[in-house]
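Enquirer: Mapping to this note's numbering: the sequence shown position 168 is 170, numbers consecutive. Don't be surprised by glycine CBs; every beta carbon is placed ideally from N, CA and C.
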Amino acid sequence: MFDKLYVALIHYPILKKDGSIVSTAVTNFDVHDISRTCKTYNVKNYFLVTNLPAQRKIVEKVLDYWLNGYGGEFNPNRKEALEIFKIKNYLEDVIEEIEKNEGERPKIVFTSAKARNNVVSFEDLKNKIKDSDHPFLILFGTGWGMPEEIREISDYDLEPIRANGEFNHLSVRSAVAITLDRLIGEIA
3 MFDKLYVALI HYPILKKDGS IVSTAVTNFD VHDISRTCKT YNVKNYFLVT NLPAQRKIVE
63 KVLDYWLNGY GGEFNPNRKE ALEIFKIKNY LEDVIEEIEK NEGERPKIVF TSAKARNNVV
123 SFEDLKNKIK DSDHPFLILF GTGWGMPEEI REISDYDLEP IRANGEFNHL SVRSAVAITL
183 DRLIGEIA
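As structure tokens, then:
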């Protein structure tokens, strides 16, 4: 029921505070923590999208250490979590790979901390995923969020995570964990 679920963290194209399009920097936490969360919730693959060759090179070095080097021996759990991780240049590459693996284009889910109209609730999306045979790709942004062009190609626009306070600036790692838990955690 949730066996065709994918996650992508977008580092390009991303909005800068002034609204221009930029590439954001990848952090080790983006790689490690989100991989662990995705593995915990049985996400099929976790993709990190960056168009910067220097960023990709850093990530590949980190992966090599944990998957092929001493890191994997030292911490087999981290190695196992990173086995679902993939890095791609562009979102289109992610969609193309899922389409190739699943035989159809995934249903794309846009996320944002910003309030928007016409959003789908966590409960509704959970039911759509549970009742569907289609693959789903949940997108998370960095920086100041993903641009409108990504929302326009998405099938669903997920409601923002809200707590009981005015402050709403979660780390993307927290947002991924909360989103996955609300969508597939504690399934009865």
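How should Pro262 be labelled, buried or exposed, when 16 other C-beta atoms within 10 angstroms of its C-beta is the threshold for buried?
Expert: With the chain represented from 3 up to 190, any question about residue 262 goes unanswered, as that position is not in the structure.
Enquirer: Any idea if Phe76 is buried or exposed, counting beta-carbon neighbours within 10 angstroms, 16 or more meaning buried?
Expert: Within the sequence shown, residue 76 is the residue found at index 74, counting from 1. Its Cβ having fewer than 16 others within 10 Å, Phe76 is exposed.
Enquirer: For the beta strand (DSSP E) holding Ile140, just list the boundary residues, first then last.
Expert: Here residue 140 refers to the residue found at position 138 of the sequence shown. Per DSSP, Ile140 belongs to the beta strand (DSSP E) from 138-143.
Enquirer: Using only alpha-carbon positions, find the residue among Tyr92, Lys59, Val178, Val33 that is nearest to Asn53.
Expert: Stepping through the sequence shown from its first residue, residue 53 is reached at position 51. Closest option to Asn53, Cα to Cα, is Tyr92.
Enquirer: Do you know how far the Cα of Ser114 is from the Cα of Glu154?
Expert: As a working mapping, residue 154 is identified with position 152 in the sequence shown. As a working mapping, residue 114 is identified with position 112 in the sequence shown. So the alpha carbons of these two residues sit roughly 13 Å apart.
Enquirer: Quick one: using the 10 Å Cβ neighbour count with 16 as the cut-off for buried, is Tyr48 buried or exposed?
Expert: Along the sequence shown, one-based indexing puts residue 48 at 46. That one is buried.
Enquirer: Is Leu65 closer than 8 Å to Leu269 when the C-beta atoms are compared?
Expert: With the chain running from 3 to 190 in the structure shown, residue 269 is simply not present.
Enquirer: List the endpoints of the continuous alpha helix (DSSP H) containing Ala56.
Expert: The residue labelled residue 56 in the question sits at position 54 within the sequence shown. Start and end: 55-69.
Enquirer: Could you give the distance in angstroms between the alpha-carbon of Leu127 and the alpha-carbon of Ile186?
Expert: Taking the first residue of the sequence shown as position 1, residue 127 is located at position 125. Taking the first residue of the sequence shown as position 1, residue 186 is located at position 184. Approximately 10 Å between the Cα atoms of the pair.
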